[in-house]
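Just below is one structure, and these are the notes that go with it.
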Amino acid sequence: MSDVVVIYHSGYGHTHKVAEHVAQGAQATLITIDENGDIPEEAWNTLNAAKAIIFGAPTYMGNASWQFKKFADATSKVWYTRGWQDKIFGGFTNSASLNGDKASTLAWLQTLASQHGGLWVSLGLLPSNTKVAKRTDINNLGGSVGLLVQSPADASVDEIPQGDLDTAVSYGKRVAEIAARVSVA
Ligand SMILES: Cc1cc2nc3c(=O)[nH]c(=O)nc-3n(C[C@H](O)[C@H](O)[C@H](O)COP(=O)(O)O)c2cc1C
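Residue numbers (the working numbering): 1 to 185.
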């Protein structure tokens with residue numbers, strides 16, 4: 001089993017595609033939160049055993065989807081026991097607008113990780129933000145706290161800008177590399 005787990009919710013498939021790219025970069029196990037906000041019982045063991053956990057959710061109305069929030073609330077059982085203390089954490093969100101208030105979602109994912117006593121991994125990339133910047137560039141959305149992805153409102157799952165998907169792979173790799181370097185007693 002991989003040391004890194006990507007756990008995400010996706011209502012319409014776009015965040016699923018992003019999660020696959022993050023998992024590819026991290027060589028991670030993927031756990032899907034279903035439409036009812038639930039995960040299989042055995043997935044809790046996978047999460048508890050992971051060295052790093054990467055949270056992923058679409059931004060709906062300026063925050064994570066309710067299904068992801070239901071999962072987050074369910075982690076309060078782990079919180080009581082400090083079960084995820086000192087794990088490595090990362091996070092990503094995807095939304096239709098270039099901005100779309102993704103920062104609110106990401107800040108909340110970081111808060112969730114911090115409530116668990118985790119160590120948060122930033123995006124770690126310079127932005128591509130000059131006049132010649134293109135949506136195919138790495139970190140064209142200029143994220144820093146975590147991974148940001150835009151899926152235009154009329155874009156199919158296969159039309160997510162390539163630069164964002166490449167950034168997703170890069171972020172997954174970074175979280176996995178940092179998890180491999182950090183040894184917490
Ligand atoms: C209920 C709802 C609320 C949304 N709120 C936002 C929002 O606040 N900002 C934004 O940019 N896009 C918003 N969107 C668009 C989604 O973030 C976008 O379609 C995203 O790609 C959906 O990901 P998914 O296919 O994984 O569900 C919203 C979509 C829905 C269904």
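Where is the CB? At the ideal position from N, CA and C, for every residue including glycine.
Looking at the C-beta of residue i, does it have a partner C-beta in chain C at a distance below 7 Å?
i, result
"Val157", "As a matter of chain content, chain C is missing from the structure shown, which is built from one protein chain."
What are the start and end residues of the beta strand (DSSP E) that includes residue i?
i, result
"Val78", "Looking at the DSSP string, Val78 is not in any beta strand (DSSP E); the run it does join, the alpha helix (DSSP H), is 76-81."
"Ala153", "First-last for Ala153: undefined, no H or E at that position."
Given a cut-off of 7 Å on the beta-carbon distance, is the pair residue i and residue j in contact?
i, j, result
"Val5", "Ile53", "yes"
"Asn63", "Thr15", "no"
"Ala50", "Val175", "no"
"Gly100", "Gly146", "no"
"Gly124", "Phe89", "no"
"Val169", "Gln24", "yes"
"Gly56", "Ala113", "no"
"Val149", "Asp164", "yes"
"Thr167", "Asn139", "yes"
Apply the 10 Å Cβ neighbour rule to residue i and answer buried if 16 or more other Cβ atoms are within range, or exposed otherwise.
i, result
"Thr93", "buried"
"Pro161", "buried"
"Tyr171", "buried"
"Met1", "Residue confidence is low: Met1 scores 46 on pLDDT, short of 50, so the model does not pin down where it sits. No coordinate-derived value is stated."
"Tyr12", "exposed"
"Leu141", "buried"
"Asp136", "Note that residue 136 corresponds to Thr in the displayed sequence, not to Asp. It is exposed - the Cβ of Thr136 has fewer than 16 other Cβ atoms within 10 Å."
"Ala180", "exposed"
"Ala153", "exposed"
"Lys87", "buried"
"Leu109", "buried"
Could you name the residues that DSSP lists as bridge partners for residue i?
i, result
"Leu119", "Ile88"
"Ala6", "Before going on, a small fix: residue 6 reads as Val here, not Ala. DSSP lists Leu30, Ile54 as partners of Val6."
"Ser128", "For Ser128, which the question treats as bridged, DSSP gives no partner whatsoever."
"Ala268", "With the chain covering only 1 through 185, there is no way to say anything about residue 268."
"Ser95", "Gln150"
Pick from the options: whose alpha carbon is nearest that of residue i?
i, options, result
"Ser156", "Thr167, Gln24, Gly118, Ser95", "Ser95"
"Asn36", "Ser128, Ser65, Ala179", "Ser65"
"Ser186", "Gly143, His116, Leu119, Gly118", "Residue coverage of the chain in this structure runs from 1 to 185, which leaves residue 186 outside it and unanswerable."
"Asp34", "Asn48, Phe71, Trp44", "Phe71"
"Glu177", "Val18, Lys17, Val22, Ala133", "Val22"
"Gln115", "Thr29, Arg82, Ser97", "Arg82"
"Lys102", "Ile138, Thr59, Ile7", "Thr59"
"Ser10", "Lys69, Thr46, Asn48, Glu41", "Lys69"
"Val78", "Leu109, Trp44, Leu98, Met61", "Trp44"
"Gln74", "Asp38, Leu126, Glu42", "A quick correction: the sequence has Ala, not Gln, at residue 74. Checking every option, the nearest Cα to that of Ala74 belongs to Asp38."
In terms of residue numbering, what span does the alpha helix (DSSP H) encompassing residue i cover?
i, result
"Arg181", "162-181"
"Leu47", "41-49"
Regarding residue i and ligand 2, is the C-beta to nearest heavy atom distance less than 6 Å?
i, result
"Thr105", "By its list of ligands, the structure shown excludes ligand 2, since it contains just ligand 1."
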